[in-house]
Structure formats: structure tokens, C-alpha cells
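Numbering (full-length UniProt numbering), first residue to last: 1 to 133. Glycine included, every Cβ here is placed at the ideal spot set by N, Cα and C.
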Amino acid sequence: MKSIEPWLKTKRPSEDGREYRRSPADRKKLDGLYERIFCACGTTSCPSYWWNPEEYLGHAALLHANQLNSDSRDDFTEERLQALTEDFKRLYRCRTIKNCTIICPQNLNPADAIHKMMTKHMLSEPMERVESL
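Pasting the structure below:
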């Protein structure tokens, strides 16, 4: 989890020197990402994690990364996404089997969040690189 730098990172100081504010509409975009309870249900149900626990971060860490990447206050989305995809093992080990989504007691959709990060990364890559995956 620590490797994704799971905290808000900005390049500018807050307006009041204390808090980084966001609009209610920006907060609404994060619904379904903040409600995790770290129960490990998704991790224990994930074949990709069973096979590669030292390489695949698991859905909890990736869901948290997506939360930060979706937060309008965070200025390091591209850097975080780059770190997740530099060796194509951390993010792309997810095979969208969706056991994590099926088993989630909070009815979250970690597989969809991971897929959105993959799509965002693919759309930012040159087509030759995407086709080589």
C-alpha cells in the first residue's frame, strides 16, 4: 500500500493554509471509493493476488490509488499512474475476474475502478505500446 503513496499530494498551498476544499460535485464523484472497510474479502477472493502476492498490489491498494487519482485536489495523478504501470505488473495483474466485486460487503466495484485506471493509462500511451501488451 505504501508504494502507491496513499495520501493527497499537491503542488500548491491550500487557500486558507489548512484544508484543501472541493465542491460537493467533486466529492460526489468519489462515491464508491471512500467506503472501503479493509476487510480483506476482495484480496482473499482474488486469484491474481493468490498467484502473485509479491507483484500484484491487490484491489484495496488499487482502489485507494483510484480514489486519489479521481480526487480533484490531488496534483500527482499522472505520477501515481506511471508508478503503477512502469513494470506492467502492479496494475495489469488484475484480470477482471471480479471476485472482489462479487464478495464485497460494501457493494463496491473494485474491478471497475481498476479497469478505469487501466483505460486511463492505455489512452495516454502510444498505440504501438498498447498493442504490444
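From Thr44, Leu123, His64, pick the residue whose C-alpha is nearest to that of Lys2; which is it? Nearest C-alpha to Lys2: His64.
Presumed contact (8 Å Cβ cut-off) between Pro110 and Cys41, rounded CB distance: Between Cys41 and Pro110 the Cβ distance is about 10 Å, and since that is not below 8 Å, they are no contact.
Using the rule of at least 16 other Cβ atoms within 10 Å of the residue's Cβ for burial, across every protein chain shown, is Leu33 buried or exposed? Using a 10 angstroms sphere on the CB of Leu33, the tally of other CB atoms reaches 16 or more, which defines it as buried.
Answer yes or no: do Lys9 and Asp74 have a C-beta to C-beta separation smaller than 8 Å? Cβ atoms of Lys9 and Asp74: closer than 8 Å.
Tell me the rounded alpha-carbon separation between Thr85 and Leu91. Each residue's Cα considered, the two are about 6 Å apart.
Using 8 Å as the threshold, is the C-beta distance between Arg95 and Ala60 below it? Annotated as distal: Arg95 and Ala60, with beta-carbon spacing of 8 Å or more.
Does the distance from the C-beta atom of Glu55 to that of Arg93 stay below 8 Å? Yes, they are a contact pair.
Report the rounded CA-to-CA distance for Asp112 versus Glu19, giving the unit in angstroms. Straight through space, the alpha carbons of Glu19 and Asp112 are spaced by roughly 30 Å.
Mind checking whether residue 147 and Asn99 have CB atoms under 8 Å apart? Nothing in the structure corresponds to residue 147, since the chain is present only between 1 and 133.
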